[in-house]
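Chemist:
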Amino acid sequence: MSARAVHGRDSSSERAEIGRALGASLAEHQPQKDVRVMLDPDGHPFCLYPDAPSSG
Numbered sequence: 119m120s121a122r123a124v125h126g127r128d129s130s131s132e133r134a135e136i137g138r139a140l141g142a143s144l145a146e147h148q149p150q151k152d153v154r155v156m157l158d159p160d161g162h163p164f165c166l167y168p169d170a171p172s173s174g
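Just so we're on the same page, the working numbering is the position in the sequence shown counted from 1, plus 118.
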């Protein structure tokens with residue numbers, strides 16, 4: 119299993135577009151408004167979060 123971080127995007131929706139382009143699909147159940155649950159091509163779930171606001 120591998121993990122990738124996608125930086126430089128503001129919203130989880132924009133990150134989900136990248137995930138779909140890489141072969142992931144959006145999970146049916148979305149438990150939080152600002153988080154996207156995706157499924158990799160093998161059906162394993164992973165979450166996409168928006169960037170945290172910078173503190174400075």
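Glycine residues also receive a C-beta, built at the ideal position from the N, C-alpha and C atoms.
On a predicted model such as this, the values are computed, not experimentally measured, just so you know.
Is S131 helix, strand or coil when you go by DSSP?
Modeler: By 1-based counting over the sequence shown, the position of residue 131 is 13. It is helical.
Chemist: Determine, using beta carbons only, whether M156 and A170 come nearer to each other than 8 Å.
Modeler: Position 38 of the sequence shown holds residue 156. Position 52 of the sequence shown holds residue 170. Result no, Cβ atoms of M156 and A170 do not sit closer than 8 Å.
Chemist: Rank G161, E146, V153 and H162 by C-alpha distance to the C-alpha of E132 and give the top, closest one.
Modeler: As a first step, residue 132 is located in the sequence shown; it is residue number 14 there, counting from the start. E132 has its Cα closest to that of V153, out of G161, E146, V153 and H162.
Chemist: Checking 8 Å against the spacing of the C-beta atoms, do A145 and P163 come in under that value?
Modeler: Reading the sequence shown from its first residue, position 27 is the one you call residue 145. Reading the sequence shown from its first residue, position 45 is the one you call residue 163. Contact: yes.
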